[in-house]
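Novice:
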Amino acid sequence: MSDENITYKISYVVEGGGHPGAIINSDEYPTPGDMVTFDGNNYVITDVQELMPPLGDFGFLHASCKIAAD
Numbered sequence: 284m285s286d287e288n289i290t291y292k293i294s295y296v297v298e299g300g301g302h303p304g305a306i307i308n309s310d311e312y313p314t315p316g317d318m319v320t321f322d323g324n325n326y327v328i329t330d331v332q333e334l335m336p337p338l339g340d341f342g343f344l345h346a347s348c349k350i351a352a353d
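Whatever position you read off the sequence shown (first residue = 1), add 283 for the numbering used here.
Below, the structure written as structure tokens:
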């Protein structure tokens, strides 16, 4: 799912609770296997769920991720 006119507000939760996660705006819809970087660490996305249908030009997503292997 992707729409070039939507900015996604993504809530990232790190599996295992080793990091509090982050909320990041993105123009790209994340998919499992994608890499994301926040707080100086690289993570691989394991799951993405739409929290609610897009409102105007904003989409709200939840993404689970785990620390990426070096």
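Backbone N, C-alpha and C fix where the C-beta goes; we use that ideal spot for every residue, glycine too.
(1) Could you tell me the distance, in whole angstroms, from the CA atom of Gly342 to the CA atom of Ile306?
(2) Buried or exposed: which applies to Ala346, given that a residue is buried once 16 or more other Cβ atoms fall within 10 Å of its Cβ?
(3) Looking only at its own chain, which residues have a Cβ that is under 7 Å from the Cβ of Asp340, when we skip the five neighbours before and after it?
(4) Going along the chain, which residues of its own chain have a beta-carbon closer than 8 Å to the beta-carbon of Phe321, five neighbours each way excluded?
(5) By the three-class DSSP mapping on this structure, what secondary structure does Glu311 have?
Specialist: Straight from the coordinates:
(1) Each residue's Cα considered, the two are about 13 Å apart.
(2) By the Cβ neighbour-count rule, Ala346 is buried, with 16 or more other Cβ atoms within 10 Å of its own.
(3) Listed in chain order, the non-local C-beta contacts of Asp340 below 7 Å within the same chain comprise Asn288, Ile289 and Thr290, local neighbours out to five positions each way being set aside.
(4) For Phe321, where only same-chain residues beyond five positions count, the Cβ hits under 8 Å are Tyr295, Ala305 and Ile307.
(5) Glu311 carries a coil assignment under DSSP once its states are collapsed to helix, strand and coil.
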